[in-house]
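Before any comments, here is the structure.
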Amino acid sequence: MTTLLALDTCTEACSVALLHNNAVLARDEIASRAHTQRILPLVDEVLSEAGLRLNQVDALVFGRGPGSFTGVRIATGIVQGLALGADLPVVPVSNLTAMAQAALAQTGAQQVLAVIDARMQEVYFSQLIFKPCQNFVQNSDLAQTLGMVGEWQARLEEQVVSPSLVLEMLQAEQGFNPNDWQRVGTGWEAYAELASLPRNSEILLPSAQFMLPLALADVVAGRLQDPLTIEPIYLRNNVALKKA
Numbered sequence: 000m001t002t003l004l005a006l007d008t009c010t011e012a013c014s015v016a017l018l019h020n021n022a023v024l025a026r027d028e029i030a031s032r033a034h035t036q037r038i039l040p041l042v043d044e045v046l047s048e049a050g051l052r053l054n055q056v057d058a059l060v061f062g063r064g065p066g067s068f069t070g071v072r073i074a075t076g077i078v079q080g081l082a083l084g085a086d087l088p089v090v091p092v093s094n095l096t097a098m099a100q101a102a103l104a105q106t107g108a109q110q111v112l113a114v115i116d117a118r119m120q121e122v123y124f125s126q127l128i129f130k131p132c133q134n135f136v137q138n139s140d141l142a143q144t145l146g147m148v149g150e151w152q153a154r155l156e157e158q159v160v161s162p163s164l165v166l167e168m169l170q171a172e173q174g175f176n177p178n179d180w181q182r183v184g185t186g187w188e189a190y191a192e193l194a195s196l197p198r199n200s201e202i203l204l205p206s207a208q209f210m211l212p213l214a215l216a217d218v219v220a221g222r223l224q225d226p227l228t229i230e231p232i233y234l235r236n237n238v239a240l241k242k243a
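In numbering that gives the first Met the number 0, the protein residues as written are 0 to 243.
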């Protein structure tokens, strides 16, 4: 039985979730500039509630971006320190894909357009389609806890682009029908260019609890990483230069 601890600080949200004994414990806050003060107390809370120590966890999961430059670095640094201290492997998860997983869990959507406001007249964007993992079809306990477990395949790879280019790419797809796609994230309402495709879900930001089923598929497939090898995914690597 797998025990996973997930954490995320890449956006305004700060969240921690624990999968243990086929149950999930989760904490979600809007922390904005207080991620470094809140993330470790939230980790302590869920571990204490489950009666676990960190070294009793099988693997750590973290939101590896995209998101705010500082938030992505915080998540990567915190999970690296925890993993090295407790000798644990790590599973990185895309924040955009985590929102797609939330849409699957809450609405059953298996086609998702994820858009997070990246500031500076840009958005983080991906177009995702869900493929169930057959290993979990018969596992009723996990299915009841996590919902469908599987992998999200990118129809359009995650990228940082202008809002208008999002529309151009989607409209260029043969047979694209916006009604077939669940739209999640803060980006839809942040820019007037996306007004023709308004957000049609309540999902604004990623949450660690929806990283758990994504990580579980990676654990089963053996895609675990040494904490020394993990890297943050900014998408926009020249953010400091642009601001200057």
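Ideal Cβ positions, reconstructed from N, Cα and C, are used throughout, including at glycine.
- Residue environment analysis places Ile29 among the exposed positions, since fewer than 16 neighbouring C-beta atoms fall within 10 angstroms of its C-beta.
- Following the DSSP letters along the chain, one finds Ile115 inside the beta strand (DSSP E) bounded by residues Gln110 to Asp116.
- Excluding residues up to 5 positions away in sequence, Pro162 lie with their Cβ nearer than 6 Å to the Cβ of Tyr190 in the same chain.
- With fewer than 16 other beta carbons inside 10 angstroms of its own, Arg222 counts as exposed.
- Ala113 and Ala97 have their C-alpha atoms some 9 Å from each other.
- Along the length of the segment 143-225, whole beta strand (DSSP E) runs at least 3 residues long occupy 149-160 and 181-183, reported in chain order.
- Ala102 and Phe61 have their C-alpha atoms spaced approximately 19 Å apart.
- As for any alpha helix (DSSP H) of minimum length 4 sitting wholly inside the segment 57-90, the runs are 68-85, ordered along the chain.
- The alpha-carbon of Tyr233 is positioned some 25 Å away from that of Gly84.
- Here His19 is bridged, per DSSP, to Ala22.
- Proximity of the segment 69-79 to the segment 31-39 meets the contact definition, three or more beta-carbon pairs being nearer than 8 Å.
- Taking C-beta atoms under 8 Å as the contact rule, Ala214 and Ser14 fail to qualify, at a distance of about 14 Å.
- Contact between the segment 151-160 and the segment 114-127 is present, with at least three C-beta pairs closer than 8 Å.
- Our two residues, Ala25 and Gln170, have alpha carbons roughly 38 Å apart in a direct line.
- Under the three-state reduction of DSSP output, Ile232 falls in the coil class, being neither helix nor strand.
- The straight-line gap separating the alpha-carbon atoms of Ala12 and Asp27 is approximately 7 Å.
- Excluding the 5 residues flanking it on each side, Thr144 has same chain C-beta neighbours closer than 7 Å at Asn21, Ala22 and Val23, in chain order.
- Going by DSSP, Leu95 is part of the alpha helix (DSSP H) stretching over Asn94 to Thr106.
- According to the DSSP assignment, Ala33 belongs to no alpha helix (DSSP H), since it is labelled neither H nor E.
- Sixteen is the threshold: since fewer than 16 other Cβ atoms of the shown chains lie within 10 Å of the Cβ of Thr228, the residue is exposed.
- Scanning its chain for C-beta atoms nearer than 6 Å, with the 5 sequence neighbours on each side dropped, one finds around Met210 the residues Ala5, Val60, Val92 and Ala97, in chain order.
- Assignment of Leu51 by DSSP, reduced to helix, strand and coil, places it in the coil class.
- Residues Val159, Val160, Ser161, Pro162 and Arg235 of the same chain have their beta carbon placed closer than 8 Å to that of Glu121, with the five preceding and five following residues left out of the count.
- Note that the C-beta distance between Asp179 and Pro88 is not below 8 Å.
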